[in-house]
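A.B. asks:
In my numbering, the protein residues as written are 1018 to 1416.
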């Protein structure tokens, strides 16, 4: 007779949760009490705050909600929405290097790939188009197609960022190539190309956007916002980005009249936004599946990205229950996103941009934000005790 061991821990786990009610959500009035009391703390220095119940859409709490404040990296939320509005999330960017039809010429057909890296190791690890590899491939192709001579070479290019072009010149110079760089149109680049040397394709834009949000990448944010601006029919500069952001808010029925946009990354201290604008944006995108790449791309408290070290000591019960974008400048510490509270979810915005300068003030402010959210956060289902029984039942599986 065969004895079979089957572990039915999963069954017991399921039975343990049957009949249990969800963990009690903090009702809106209680949430308002928490925020009213703790946002008055000196650590936050009179912040701008809005909390909205996702179920009802009602404002649960607000403080200085219409005050113009520095968004810091909360600005990247606008960049993300601009990307979703103007591109397919399946979009990929291609860069290729060709031996040109003319003697001693190379053609680089770019597509304004925001994912290009000037570090070889980073490019390989993160599947980015490598600018050093483009340079070495260019040098090799020039030498092979011109019997070793690279003097008086010409490189035609399209779809490269000025920063990437500058890096390319440096890499070429190190390799002994001082070439004439000539910008051409996309069609001219195609016409001047003869044989393919190298081709590279970026990940899907959804993945790039997630990386931008999770790690608050300033360069990616600027590039994506300008690409979205151009796709929207606006200029490829900060003015175009401002026009794009303003239009996006207006199209979502959010008052954009007071919005001040000086860049797309939030590095500029001249940007201005209200907590009300950001909170309404969070609520709007939460209701539309098109914006799932943004919500899914936000850092998770105590787990990922720029929030991976948050809540671990300040509010351990909130780990995994807060999904939000942070923002930091000297004298500014912001956080905006969503917090789970049982069967409820609240959208929140906290902008503390009147702090004393220095890391200490910023750290104290962030710790207070964590504590506030820790008072609100609770899982949908209660956490079960760790001890789980294991039983032996009959089965046909041999020992």
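C-beta atoms are modelled at their ideal positions from N, C-alpha and C, and glycine is treated no differently. None of these values were measured; they are calculated from a predicted model.
Enumerate, from N- to C-terminal direction, the unbroken beta strand (DSSP E) stretches of 3 or more residues contained entirely within the stretch 1302 to 1351.
C.D. replies: DSSP runs (the beta strand (DSSP E)) wholly in the stretch 1302 to 1351: 1339 to 1346.
A.B. asks: Between the stretch 1095 to 1104 and the stretch 1206 to 1218, do three or more beta carbon pairs fall short of 8 angstroms?
C.D. replies: With the cut-off at 8 angstroms, the stretch 1095 to 1104 and the stretch 1206 to 1218 do not touch.
A.B. asks: Could you name the residues of the same chain whose beta carbon sits closer than 8 angstroms to that of residue 1075, not counting the 5 residues immediately before and after it, in chain order?
C.D. replies: Same-chain partners within the cutoff: 1045 and 1069.
A.B. asks: Decide if the stretch 1189 to 1208 is in contact with the stretch 1167 to 1178; the criterion is three or more beta carbon pairs, one per stretch, under 8 angstroms apart.
C.D. replies: Verdict: yes, contact present.
A.B. asks: In terms of alpha-carbon separation, which member of 1136, 1359, 1157 and 1348 lies closest to residue 1339?
C.D. replies: Comparing Cα-Cα distances from residue 1339 to each of 1136, 1359, 1157 and 1348, the minimum goes to 1359.
A.B. asks: Whose C-beta lies closer than 6 angstroms to the C-beta of residue 1367 among residues of the same chain, with five residues either side of it excluded?
C.D. replies: Contacts found: 1064, 1066, 1352 and 1386.
A.B. asks: Have a look at 1118, 1376, 1099 and 1138 and flag the residue whose alpha-carbon is nearest the alpha-carbon of residue 1209.
C.D. replies: The shortest Cα separation from residue 1209 among 1118, 1376, 1099 and 1138 belongs to 1118.
A.B. asks: In its own chain, which residues sit with a C-beta less than 7 angstroms from the C-beta of residue 1093, not counting the 5 before and 5 after it?
C.D. replies: Around residue 1093: 1229, 1230, 1233, 1238, 1282, 1283 and 1342.
A.B. asks: According to DSSP, residue 1357 sits in a beta bridge with which residue or residues?
C.D. replies: Answer is 1362, bridged to residue 1357.
A.B. asks: With a Cβ-Cβ cutoff of 7 angstroms, do residue 1131 and residue 1240 count as a contact?
C.D. replies: Closer than 7 angstroms, so yes.
A.B. asks: Note down, one range per segment and in chain order, each beta strand (DSSP E) of at least 3 residues found wholly within the stretch 1082 to 1158.
C.D. replies: Within the stretch 1082 to 1158, the complete beta strand (DSSP E) runs of at least 3 residues are 1111 to 1117 and 1122 to 1126.
A.B. asks: Within the chosen definition, does the stretch 1046 to 1062 reach the stretch 1250 to 1258 through at least 3 CB pairs nearer than 8 angstroms?
C.D. replies: Because the criterion of three Cβ pairs below 8 angstroms is not met, the stretch 1046 to 1062 and the stretch 1250 to 1258 do not touch.
A.B. asks: So, does the CB of residue 1322 fall closer than 7 angstroms to a CB anywhere in chain D?
C.D. replies: The question asks about chain D, but that chain is absent: this structure has only one protein chain.
A.B. asks: Pick helix, strand or coil for residue 1398, following the three-state DSSP scheme.
C.D. replies: Coil, per DSSP.
A.B. asks: Check residue 1197 in the structure and name its three-state DSSP category.
C.D. replies: Strand.
A.B. asks: Below 7 angstroms between beta carbons: does that hold for residue 1048 and residue 1393?
C.D. replies: A contact, by the Cβ cut-off of 7 angstroms.
A.B. asks: Under DSSP, the alpha helix (DSSP H) around residue 1179 begins and ends at which residues?
C.D. replies: Residue 1179 -> alpha helix (DSSP H) spans 1179 to 1191.
A.B. asks: Is it the case that the Cβ atoms of residue 1147 and residue 1140 are separated by a distance below 7 angstroms?
C.D. replies: Yes. Within cutoff.
A.B. asks: Might you give, ordered along the chain, the residues of its own chain that have their beta carbon closer than 8 angstroms to the beta carbon of residue 1320, omitting 5 neighbours on each side?
C.D. replies: Within the same chain, residue 1320 has close Cβ partners 1336 and 1337.
A.B. asks: Mind checking whether residue 1332 and residue 1382 have CB atoms under 7 angstroms apart?
C.D. replies: No, the pair does not count as a contact, with Cβ atoms beyond the cut-off.
A.B. asks: Please classify residue 1377 as buried or exposed, where buried requires at least 16 neighbouring CB atoms within 10 angstroms.
C.D. replies: Exposed: under 16 other Cβ atoms inside 10 Å.
A.B. asks: Per DSSP, what kind of secondary structure is residue 1021 in: helix, strand or coil?
C.D. replies: The predicted position of residue 1021 is uncertain, since its pLDDT is 39 and thus under 50; a value taken from the coordinates is nonetheless stated next. Correct three-state label for residue 1021: coil.
A.B. asks: Using the rule of at least 16 other Cβ atoms within 10 Å of the residue's Cβ for burial, across every protein chain shown, is residue 1278 buried or exposed?
C.D. replies: Under this definition residue 1278 is a buried residue.
A.B. asks: Cβ of residue 1184 within 6 angstroms of any heavy atom in the ligand NAP?
C.D. replies: The ligand content of the structure shown is nil, which means the ligand NAP is not present either.
A.B. asks: By DSSP, does residue 1255 sit in helix, in strand, or in coil?
C.D. replies: Residue 1255 falls in the helix class under three-state DSSP.
A.B. asks: Could you check whether residue 1111 and residue 1137 sit closer than 7 angstroms to each other, using their CB atoms as the reference points?
C.D. replies: Result no, Cβ atoms of residue 1137 and residue 1111 do not sit closer than 7 angstroms.
A.B. asks: Use the C-beta contact count for residue 1395: other C-beta atoms within 10 angstroms, 16 or more gives buried, fewer gives exposed.
C.D. replies: Under this definition residue 1395 is a buried residue.
A.B. asks: Take the Cβ of residue 994 as the centre, count every other Cβ of all protein chains shown within 10 Å, and call the residue buried at 16 or more, exposed below.
C.D. replies: For the chain, the structure presents residues 1018 to 1416; residue 994 sits outside this window and is missing.
A.B. asks: Return the first residue and the last residue of the alpha helix (DSSP H) that residue 1049 is part of.
C.D. replies: From DSSP, the alpha helix (DSSP H) with residue 1049 extends over 1045 to 1055.
A.B. asks: Measure the beta-carbon distance from residue 1315 to residue 1294 and round it to whole angstroms, keeping in mind my assumption that it falls under 8 angstroms.
C.D. replies: At roughly 18 angstroms, the Cβ-Cβ gap does not stay under 8 angstroms, so residue 1315 and residue 1294 are not in contact.
A.B. asks: For residue 1357, count the other beta carbons within 10 Å of its own beta carbon; 16 or more makes it buried, fewer makes it exposed. Which is it?
C.D. replies: By the 10 Å Cβ count, residue 1357 comes out buried.
A.B. asks: What residue does the alpha helix (DSSP H) around residue 1238 start on, and which one ends it?
C.D. replies: Residue 1238 -> alpha helix (DSSP H) spans 1235 to 1248.
A.B. asks: In terms of DSSP beta bridges, what is residue 1212 paired with?
C.D. replies: In DSSP, residue 1212 forms a bridge with 1116.
A.B. asks: Mark residue 1195 as exposed unless 16 or more other C-beta atoms lie within 10 angstroms of its C-beta, in which case mark it buried.
C.D. replies: It counts as exposed.
A.B. asks: Does the Cβ of residue 1090 have 16 or more other Cβ atoms within 10 Å, making it buried, or fewer, making it exposed?
C.D. replies: It counts as buried.
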